Amino acid sequence: MLITEKMYRGFKDQFADIYQFLLFSVHIFRKIISFRRQRQARTLVLLRQILFTGFEALPLISFLALSIGGLIIIQGYNILENFGQSNLVFVILVTVVIRELSAILTALIVIARSGTAISTELGNMVINNEINLLLSLGISPVSYLVVSRVVGVVVALITLTIYFNLAALLGGWLFSTLFYPINFNYFFTQLFQQLAVTDIIISVLKSIFFGIGIALISSYQGLKVNIASTEVPQRTIKAVVSSIVFVVFADILITAIFYLL
Amino acid sequence: MNEILLSVKNVKWNSPEKEILKGIDLELVTDRISVLCGLEESGKSLLLKIIAGIEPPDQGSIIYDGVDLFNADEKRVLEIRKKLAFVFEDGVHLSNLIIRENLLLPFKYHYDKFDLNYLMSEINRYLKFFGIGNVMEERPAQISRSKLKLLAFIRAAITDPELIVIDNPLFNLELINQIQVLKFLQQLKDKHKTMLITSGSRDLIENLADELLIIKEGMITARISRSSSEFQSMLDNLELSDLKGV
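Rendered as structure tokens:
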């Protein structure tokens, strides 16, 4: 087969896959609107997803956020002190953590933990005939499994991002006390002066988009498993790569829209 | 008076390699047990999945109560699905739910309110009938395959469906459990349930079948009613050892 023909087929398959994914996403959004129906069964899946994606990720998020907040303060003081502008470290903290790092780092952790888990779990459910079982019970797998996961991941990601912000700021204050005996109230008053409501809104907005993207991509890849258990890790890797690409692109897009335009 | 409950119209299904179902036409009549017999890979399990609305056909339709299962709006299909139960050959359950959650899932999904006490008493009655201990708080991976299969029968029974589709009911069961399953199916028959079963078990066919459907190479080649004189001779001449299942 000619290399051009191979490339043509590759692109064709990619576009077909993207088109299928878009149809899948539209279907999920329509189901999200009717989420209140079949509440009893879905609530359990939703709560389990929030517990796993949100609550169980707290130790890792805490460690990362406290460290990042601290590192930014250490680096910031080092550089800014030379210029006699150490008070600007708050600007760096707000810009780097709240506007950028919190949402994207939290999303990457969610991809690593929950994206892989969703894709693997759904893939194994296909292999084990469990998706067919749901169909036989008159239960839409999309409505029961995917919608709850999308809502759960979004709720957990918003909460984790807010938590990441708070923990990073706290980490920043803790580390800043290593350099100066800085007053807690003074630190946070200075910090909040640099903080605009838009920063919070954008941070939350990003986590909503990231959550939807990660859950949709991971679910789609998991349900694309066909017959062999060897497909499960392959689909999980695809889910991770696609989710990371999506998160980075969405981040650039949202940042550009709000801060450049 | 028996009425047509479900119609299979010119159903075809192809795998990438070959044609598996070559235009099946079939009508299931209320209050009747139809047993589908065929050799391995004759397409009987696939036909059951299509009838239960799990696998869409490449061509043809499944009409239940005047509703085409694969071409009607989701709401109507959902209503039909509530009237239909399917028991898989391997008695599959959702692995991340405990047995109690598995058995109650259809009710929690389809209804805002249901009589939990009544359901639990029914479940306990069936657990006792099958001699299964208290497995309600256990996960499927902690339970033997044969028990999982019996639990799948319980799930089918408590939803009180109009039509029960069962793939190889006696497969993977010890003799004692096979006897209990035959009694269980007899109870459902006494309740005038309509059933479509794939099986090669002579016991099952002799005791329960109202009609015998023979499927060969993706086509239904014979349909023999119990009242017909051919029934016994067909049963005697069937090479049951060649048939998949028990």
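Chains as they are written, first to last, in this note's numbering: chain A, 2 to 262; chain B, 85 to 330. Heads up, the beta-carbon is just placed ideally off N, CA and C, and yes, glycines get one too. Quick caveat: nothing in here was measured; it's all calculated off a predicted structure.
Contact set for residue i: own chain, Cβ-Cβ below 8 Å, skip 5 residues either direction
i, result
"A/A168", "I62, S63, A66, L67 and G70"
"B/I242", "L187, L203, E206, I207 and Y210"
"B/S129", "E173, D251, N252 and T282"
"A/Y78", "S87, V90, S177 and F180"
"A/P60", "none"
Cβ neighbours of residue i in the same chain (closer than 7 Å, five flanking residues each side left out)
i, result
"A/L81", "S87, L89 and V90"
"B/P190", "T243"
"B/K93", "D109, G144, S145 and I147"
"B/W97", "I104, L105, L130, I134, P141 and D142"
"B/A339", "With chain B covering only 85 through 330, there is no way to say anything about residue 339 of chain B."
Contact belief for residue i with residue j at Cβ below 8 Å, rounded distance in angstroms
i, j, result
"B/H173", "B/N252", "According to the sequence provided, residue 173 of chain B is Glu. The question's His does not apply to it. About 4 Å; that satisfies the 8 Å criterion."
"A/G153", "A/I51", "5 Å"
"B/F268", "B/F213", "7 Å"
"A/L106", "A/F165", "7 Å"
"B/I299", "B/K277", "Not quite, the Cβ-Cβ distance comes to about 22 Å (not below 8 Å), so this is no contact."
"B/I138", "A/L136", "5 Å"
"B/I183", "B/M220", "5 Å"
"A/V46", "A/G124", "Not a contact, Cβ separation roughly 17 Å."
"B/S230", "B/E185", "21 Å between Cβ atoms; not a contact."
"A/A118", "A/F53", "7 Å"
Within-8 Å CB hit, residue i to chain A
i, result
"B/K328", "Bear in mind that a pLDDT of 45 at B/K328, under 50, signals an unreliable position, so the model cannot answer this."
"B/G107", "no"
"B/S312", "no"
"B/P331", "Since the first residue of chain B shown is 85 and the last is 330, residue 331 of chain B is not available in this structure."
"B/L120", "no"
"B/F80", "Nothing in the structure corresponds to residue 80 of chain B, since chain B is present only between 85 and 330."
"B/G217", "no"
"B/A306", "no"
"B/S325", "Only weak support exists for where B/S325 lies, its pLDDT of 45 falling under 50; the value from the coordinates is given anyway. No, B/S325 lies away from the interface with chain A (no Cβ there is under 8 Å from its Cβ)."
"B/R71", "Within the shown structure, residues of chain B are numbered from 85 to 330, placing residue 71 of chain B beyond reach of any answer."
Burial state of residue i, where buried means 16 or more other Cβ atoms lie within 10 Å
i, result
"A/N133", "buried"
"A/D139", "Residue 139 of chain A is actually Gly in this sequence, not Asp. Label assigned to A/G139: buried."
"B/D196", "exposed"
"A/A216", "buried"
"A/M8", "exposed"
"A/R10", "exposed"
"B/D149", "exposed"
"A/E131", "buried"
"B/A306", "exposed"
"A/G85", "exposed"
"A/L254", "exposed"
"A/E122", "buried"
"A/Y145", "buried"
"B/D320", "exposed"
"A/L102", "buried"
"A/L48", "exposed"
CB contact check: residue i to chain B, cutoff 8 Å
i, result
"A/A17", "no"
"A/N88", "no"
"A/K7", "no"
"A/I51", "no"
"A/I140", "yes"
"A/L217", "no"
"A/S220", "no"
"A/N83", "no"
"A/E131", "yes"
"A/S137", "yes"
Beta-carbon proximity list for residue i, same chain, < 6 Å, skipping 5 on both sides
i, result
"A/L196", "V95"
"A/V156", "I51"
"B/S99", "none"
"B/M279", "I117 and I248"
Subject >> At least 3 beta-carbon pairs within less than 8 Å: the segment 247–258 of chain A vs the segment 206–224 of chain A >> reply: yes
**OP:** Decide if the segment 143–155 of chain B is in contact with the segment 219–227 of chain B; the criterion is three or more beta carbon pairs, one per stretch, under 8 Å apart.
**Re:** no
Subject >> Validate contact between the segment 17–31 of chain A and the segment 216–233 of chain A using beta carbons, cut 8 Å, 3 pairs >> reply: yes
Subject >> the segment 288–304 of chain B contacting the segment 117–125 of chain B, beta-carbon criterion three pairs below 8 Å >> reply: yes
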